[in-house]
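Asker: As they're listed, the protein sequences go chains P and E. The C-terminal position of the first sequence is numbered 679 in our numbering, with every residue numbered one higher than the one before it. The C-terminal position of the second sequence is numbered 1679 in our numbering, with every residue numbered one higher than the one before it. Ideal placement from N, C-alpha and C gives every residue a C-beta, glycine not left out. Okay, handing you the structure first.
There are 2 protein chains.
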Amino acid sequence: MSNPQFLFRQTSFNGPSLLSDRREKVRRGTVKAQLQQLHETGRYDCFKLQWHPTYDEEYPWPVPKSLFWDSDIAKWIEGACYFLSEDYDPEVDAAIRELVSDIRAAQREDGYLNVYYTVVAPKERWSNIRDMHELYNAGHLIEAAIAHREYYRNDLLMEPIESYVQLLSKVFGPGKDQRHAYPGHPEIELALLRLYKATGDQAAYNLARYFIEERGNATGQDGLLYYDWEEKQRGDPHWLRPNHYPEAGSHWYNQAHVPILEQSSIEGHAVRAMYLLTAVADLLCLDKTGSNPLPESPQWYAALRRLWNNMVDKKMYLTGGIGAMKQWEGFGADYFLPQGTDEGGCYAETCASIGVMMLAERLLEVELNSRYADVMELCLYNGVMTAMNLSGTAFTYINQLASSDKDKSLRCDWFEVSCCPPNLMRLFGSLGGYLWDYGGGNGESFVNVHLYTTAKVDFSIDRHTVTLQQTSNWPWEGRVRFDVQTPPTLKTTIRLRVPGWAKGRFTLEPSCESVKVNETGYVVLHACYVTEHPTFTLQIGGMEPRFVEPHPYTNQNTLAVARGPLIYCVEDADNSWVVDHFKNTAISSSAKITEEKHELDGNPFVLLHLSGSERCLGAWHDKREGTEPGAEVVPSPAAVDIADDVPRDLVFVPYYLRANRGGRGQMRVGLLRKTKDCC
Amino acid sequence: MSNPQFLFRQTSFNGPSLLSDRREKVRRGTVKAQLQQLHETGRYDCFKLQWHPTYDEEYPWPVPKSLFWDSDIAKWIEGACYFLSEDYDPEVDAAIRELVSDIRAAQREDGYLNVYYTVVAPKERWSNIRDMHELYNAGHLIEAAIAHREYYRNDLLMEPIESYVQLLSKVFGPGKDQRHAYPGHPEIELALLRLYKATGDQAAYNLARYFIEERGNATGQDGLLYYDWEEKQRGDPHWLRPNHYPEAGSHWYNQAHVPILEQSSIEGHAVRAMYLLTAVADLLCLDKTGSNPLPESPQWYAALRRLWNNMVDKKMYLTGGIGAMKQWEGFGADYFLPQGTDEGGCYAETCASIGVMMLAERLLEVELNSRYADVMELCLYNGVMTAMNLSGTAFTYINQLASSDKDKSLRCDWFEVSCCPPNLMRLFGSLGGYLWDYGGGNGESFVNVHLYTTAKVDFSIDRHTVTLQQTSNWPWEGRVRFDVQTPPTLKTTIRLRVPGWAKGRFTLEPSCESVKVNETGYVVLHACYVTEHPTFTLQIGGMEPRFVEPHPYTNQNTLAVARGPLIYCVEDADNSWVVDHFKNTAISSSAKITEEKHELDGNPFVLLHLSGSERCLGAWHDKREGTEPGAEVVPSPAAVDIADDVPRDLVFVPYYLRANRGGRGQMRVGLLRKTKDCC
């Protein structure tokens, strides 16, 4: 029961921190700015079911421009509800009430609820489950309804949604007259499982599990894979496919090429993959509670671990970004991780990194292990946080690690396909749920602390209230103070993550000899320690800046600078001499990094200084054009020609701070590694 | 008038050499082996216009499997005619006669001549110029007819072809009732220009020039780009496109996104680009002769140079291979040149490197400059020659620089789309034409020698015969002896290329102080020297092995070994310990390379020895799975961890010799560069 969206309500960010500041900006800036975008783009009124000029516009087959509008509204409602509970706003409240009223009125008599298939193409319902996001939209509506009910304590949105889910349960399933389908863009699976957890609706659980288990069944519908079958029904030639499909029939784009249990590597569209696996992890969480045993659960967990490992070890950027391939917004070959489109690719969509966080959070519940929390924190502070400016009003959809003249490091207020901005809003809204999980019973309780910040959690076990307050200046300092209030009759265990980059270094005050980092990567404080020391301090070591490299097989030959969970970058705003997007800027791992405390618009951060140089291309510069594809290497030169290098004092800022200060949009994370040839 | 297909007849390979050996293998092995393939696959009989089971088979839209059959037959006829003149073979002669008789009988009354659109889809003629290779097939038939007439001295094939060209000239052109089209796969342009040169058919010239000048006209047909217009005619939705199209409407795939004169970089399908630019160069050659002035010829040459330079400097592999992208068999972004598909791509199709040779050969006539001949030689000895085994009976279509488990370094007897094998056959058949160009008049003559081997050329100027014999053991030795016979009344100038890798080093014997490499990269021997020294010897320097590197922006961080025009590779046949396709094998440019004379099946070659090592992945090896995407770099380690490296004695063979000795298909050209971090 520990999904972020449930837990956040018991967590309060009750002091200054980087995370609370980001939440504050979303609450104050993003919620209203996006409401305005919804109004301006026509989304706000779409459930009123009137014709909109966008519906007439040309679009690349088969996805009309308005296809995702339902989900944009739904995500905004969900996110807005999270923030309303903390800070009532009459304008936001009124908007939600109007939207809910529109949604209720938009529902068809049989429970169906989708704008495009009601207004634009009413006869084509369920005709293209693979591409048309019908079930994806339904999923987000379900999530909105859950958040709405939590805040409003009424069923005004839940009622139509429950009735829509009843319709879906009739339409999809293993029965003879049911469609043996599963959504092209997963999302409804995890939404249905949230619904089950919120309401106990067993039909919702069953439908989610059906979607997951049926996926990739090569003979699921009349002896065909469902997507092939529905293509035949539509009369499409089998080579007709969306623009981003690598080729006709490449069902790995949707993770539907084989059943999930048989998938050996993570493939295709990154967001789809993350949402799908999050739901698989949810099934395993529910299996663990015993409420809904999952047959073959060890195999399901093995599949999750296999795909997680493939992703983290071979298909993830240093920033936690995933997806090198722009064409299908997804995973490329193992170790294919160029930093920018001018070097062959880099997509790293915001929603994909949010998806990694969702998956990691569920996996932590399946098996407490710091590897999941490490990656979750990496994504949060880098791949995700970099996608929003400091005021919470401008965004990035794609998060490259290096800019180029064609793809500068710049932000937009909104996007035509605008999944990312409202996704950031609901993520920050529910952020408290990612910090820790907790529970207990039978005279015991526990809190597993995954992320450090300043925040408090209260929860009840056996009618007792446990309160844990953490106070820190994370990620700038590694010191975290804890204050626990737990009744003497309850044995409370607290587990504290030691991040991988700390390499086991930590101190505890008051100290305790028996306390060690265990095999899960957590420091376990048993009830006796907690009872004796209701206030204690954890000092995480290894917070000084360090160099990190991507796997050698990536052929990047770069070094990046990191500090704690933060990955740093260079920008032209600080390094104004740059003209080549730092393509020739080189650093050495033996250089000394110095820290400087800094502030930007009231946001404190640690800036880093480091001496580097600009590579001199030497002979390559003087080469006559069009003569030969390579060049002779004179024995034993420097690979980076040190003698001719121009020294540069480099300034690094956290990657999440990029594109906040104007400039020319030049930015890079991994810099050329300064090496020389050796024998 | 110096296209290889015209010149080769005046050249004889009259002594042992690597090139004459390859030609011999093609003559003895390939011609018959491919004739057998034509029989076995049904191609041989296709002009008999009977139904073939292949016509019923499913295929990816819109290209049926038999679409290219006409061209396979045509290329075989062309190549076979080249060899017949040297070595009569009754079986080959009989086959050509039968095929020509079939082709004559297959022609429609109006001159139309295409198997697919006669047998399979007779009503769809000219309905898809973009994708259906109708004009491509016509082009190859034209080239076959020229070669056929040259050998047979009759018009049995030329007659129907001329009549087909007349039909084409009616159908395509600027007139109100003509189609303002140009072929999706260029080929016919260069074929028509060859036809013009062979027969003086001005209509052929005009049609070729129309195709070239009209290409990319955004409003060419009823205000639309022709391909968009014909799509509308067919009623295709505009997103319907062949599998290899990167996206709908991406006309850069066909080099038709803008007119050629406005193209700033080389894009799209590599073979198409080369065939197209070859024809542009042909137009410039004809402009130079004055027979057919080309308006804006400086702009056309500027476009050719711009695209050539972009290709050679930023989109060509060390082997002369072009095309990193498998999906569209063509060019990727600047400097995107991974060595193998497991590293993100590498196509380097055989026909594309043959196309580079064709283009270079024409450019040499437009402007004598060794850069064109250098690249031509690089392609010949590497990207092209590597595509055929030693016996001339097995081939590669794709020529990666590094194998992987998924794409091993292996050969096939034939391919479903089998453009490459017969293309190799006709290239080797006409190889004499690439060695040199020559001409003269008004008491003068010249020979420009581009490639060194053992061969003789005879040609007549002002009723005088000039004979030049070159004798060498190229590419194993840099010494070339020349014997000239030229009448005393004719002033004969001889220009000898000094390859770029020789860096200007050469000696001439007898020596002559005033002889230097001029700005074109050629040593010019004036008539006085030639008259005085009818026998002389050129010694090209710099033939010892050297290291070469791709451009630093390729992010390859590799070194390759070269010797003269040859690029070398490592194979598991010699380095049997390899298990990882040499992914971790590292070499240093300071290592000593030793040569060893060797032989394989009677083919002498120089084998190279070099000490390298296997990179130890160190900490990466022991890393826990799924923990983080990067790893910390401890200050000042070796980038390649030298301490733990396993030394390896490496054996290198010429890249063209790969995949001739069984083995496990493991091969690599560029090896990791052994470096260490520096400050």
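1) Determine the extent of the alpha helix (DSSP H) in which I1146 of chain E is found, giving its start and end residues.
2) If you reduce the DSSP assignment to three classes, tell me which class G1441 of chain E lands in.
3) For my contact list, Q1299 of chain E and L1261 of chain E are in at a C-beta cut-off of 8 Å; report their separation, rounded to the angstrom.
4) Using a Cβ-Cβ cut-off of 9 Å, state whether V1366 of chain E counts as contacting chain P.
5) With 8 Å as the limit, tell me which residues of the segment 1534-1553 of chain E have their beta carbon closer than that to any beta carbon of chain P; keep them in chain order.
6) So what's I587 of chain P in DSSP terms, helix, strand or just coil?
7) Helix, strand or coil: which one does DSSP assign to Y1529 of chain E?
8) Roughly how many angstroms separate the alpha carbons of F1547 of chain E and G1500 of chain E, rounded to a whole number?
9) Should the segment 1514-1531 of chain E be called in touch with the segment 1297-1314 of chain E, which here means at least 3 C-beta pairs below 8 Å?
10) Against M316 of chain P, what residues of chain E qualify as contacts under a CB-to-CB distance less than 8 Å, listed in chain order?
11) Just checking: is the beta-carbon of Q470 of chain P within a distance shorter than 9 Å of some beta-carbon in chain E?
12) What does the alpha-carbon distance come out to for the pair S1576 of chain E and Q1666 of chain E?
13) Strictly below 8 Å CB to CB, what residues from chain E border L378 of chain P?
14) Name the two residues that bound the continuous beta strand (DSSP E) containing Q469 of chain P.
15) Using a Cβ-Cβ cut-off of 9 Å, state whether L671 of chain P counts as contacting chain E.
16) Are the CB atoms of A1631 of chain E and E549 of chain P nearer to each other than 9 Å?
17) Please name the residue, chosen from P:V457, P:E444, P:D413, P:F415, that lies closest to Y434 of chain P on a Cα-to-Cα basis.
18) Using the three-state DSSP reduction, which class does A1638 of chain E fall into: helix, strand or coil?
19) Please check if any C-beta of chain P sits within less than 9 Å of the C-beta of A1333 of chain E.
20) Pull up the CB-CB distance for H1052 of chain E and C1046 of chain E, whole angstroms please, since I reckon it's below 8 Å.
21) Assess contact between the segment 474-484 of chain P and the segment 417-436 of chain P, defined as three or more Cβ pairs (one per stretch) separated by less than 8 Å. Is contact present?
22) Would you kindly check if the distance between the Cβ of G1662 of chain E and the Cβ of A1573 of chain E is under 9 Å?
23) If you measure from the beta carbon of V1375 of chain E to each beta carbon in chain P, is any gap under 9 Å?
24) Kindly indicate which three-state DSSP category Q166 of chain P falls into: helix, strand or coil?
25) Could you tell me which chain P residues have their CB closer than 7 Å to the CB of A1248 of chain E, listed as they occur along the chain?
26) Answer yes if the segment 351-367 of chain P comes into contact with the segment 261-273 of chain P, meaning at least three C-beta pairs across the two stretches below 8 Å, and no otherwise.
27) Is the number of C-beta pairs between the segment 1116-1130 of chain E and the segment 1166-1183 of chain E that are closer than 8 Å three or more?
28) Using a Cβ-based criterion (distance less than 8 Å to any ligand heavy atom), does C569 of chain P qualify as near the ligand PLP?
29) Nearest to E1509 of chain E by CA position, among E:E1519, E:I1540, E:T1489, is which residue?
30) Touch check for the segment 27-44 of chain P and the segment 464-471 of chain P: three-plus C-beta pairs under 8 Å?
31) Would you kindly work out how many angstroms separate the C-alpha atoms of L657 of chain P and N389 of chain P, rounded to a whole number?
32) Report the neighbours of M298 of chain P on chain E: residues whose CB is nearer than 7 Å to its CB, in chain order.
33) Do C285 of chain P and G321 of chain P have their C-beta atoms within less than 9 Å of each other?
34) Apart from the five residues just before and just after L1135 of chain E, which ones in its own chain have a Cβ nearer than 7 Å to its Cβ?
35) Is S370 of chain P near Y522 of chain P, with beta carbons less than 9 Å apart?
36) Of all Cβ atoms in chain P, is any one closer than 9 Å to the Cβ of D1458 of chain E?
Answerer: Well, looking at it:
1) Annotation: the continuous alpha helix (DSSP H) that includes I1146 of chain E extends over 1134-1152.
2) DSSP places G1441 of chain E in strand when its eight states are reduced to three.
3) Taking a contact as a CB-CB distance under 8 Å, the pair Q1299 of chain E and L1261 of chain E counts as one, their CB atoms being some 6 Å apart.
4) Not one chain P Cβ lies under 9 Å of V1366 of chain E.
5) Of all residues in the segment 1534-1553 of chain E, those with a C-beta nearer than 8 Å to a C-beta of chain P are R1546, F1547, V1548, E1549, P1550, H1551, P1552, Y1553, reading in chain order.
6) The answer is strand: DSSP assigns I587 of chain P an E or B state.
7) DSSP places Y1529 of chain E in helix when its eight states are reduced to three.
8) G1500 of chain E has its alpha-carbon roughly 14 Å from the corresponding atom of F1547 of chain E.
9) The segment 1514-1531 of chain E is not in contact with the segment 1297-1314 of chain E.
10) Listed by position along chain E, the residues whose Cβ is nearer than 8 Å to that of M316 of chain P are P1629.
11) Using beta-carbon distances, Q470 of chain P does not count as an interface residue toward chain E, since no partner is under 9 Å.
12) The alpha-carbon atoms of S1576 of chain E and Q1666 of chain E are separated by roughly 9 Å.
13) Chain E residues near L378 of chain P: E1628, P1629.
14) Counting along the chain, the unbroken beta strand (DSSP E) around Q469 of chain P starts and ends at 464-472.
15) When Cβ-Cβ separations below 9 Å define contact, L671 of chain P makes no contact with chain E.
16) Yes, the pair counts as a contact, with Cβ atoms nearer than the cut-off.
17) Looking at the Cα atoms, P:V457 is the closest of the given residues.
18) Caution applies to A1638 of chain E, whose pLDDT of 47 falls short of 50 and renders its modelled position unreliable; the value that the coordinates give is listed next. In the structure shown, A1638 of chain E falls within a coil segment according to DSSP collapsed to helix, strand and coil.
19) So yes, A1333 of chain E belongs to the interface.
20) The pair is a contact, with the Cβ atoms about 7 Å apart (cut-off 8 Å).
21) Between the segment 474-484 of chain P and the segment 417-436 of chain P there are fewer than three inter-stretch CB-CB distances shorter than 8 Å, so the stretches are not counted as touching.
22) Yes, Cβ-Cβ distance for A1573 of chain E and G1662 of chain E is below 9 Å.
23) Yes, V1375 of chain E lies at the interface with chain P (some Cβ there is under 9 Å from its Cβ).
24) Note: Q166 of chain P maps to helix in three-state DSSP.
25) Against chain P, a Cβ distance below 7 Å from A1248 of chain E picks out P60, N243.
26) Taking a cut-off of 8 Å on C-beta distances, the segment 261-273 of chain P touches the segment 351-367 of chain P, as three or more cross pairs fall below it.
27) Contact holds: three or more Cβ-Cβ distances are below 8 Å.
28) The ligand PLP is not part of the structure shown, which contains no ligands of any sort.
29) Taking only the C-alpha atoms, the option nearest E1509 of chain E is E:I1540.
30) Between the segment 27-44 of chain P and the segment 464-471 of chain P there are fewer than three C-beta pairs closer than 8 Å, too few to call the two in contact.
31) Distance between the alpha carbons of L657 of chain P and N389 of chain P: 7 Å.
32) According to the sequence shown, residue 298 of chain P is Pro rather than Met. None at all; the shortest Cβ gap to chain E is about 17 Å.
33) Taking 9 Å as the Cβ cut-off, C285 of chain P and G321 of chain P do not qualify as a contacting pair.
34) The answer, listed in chain order, is I1129, P1183, I1188.
35) Contact check for S370 of chain P against Y522 of chain P passes: the beta carbons are separated by less than 9 Å.
36) Taking Cβ atoms only, chain P never reaches closer than 9 Å to D1458 of chain E, which makes this a no.
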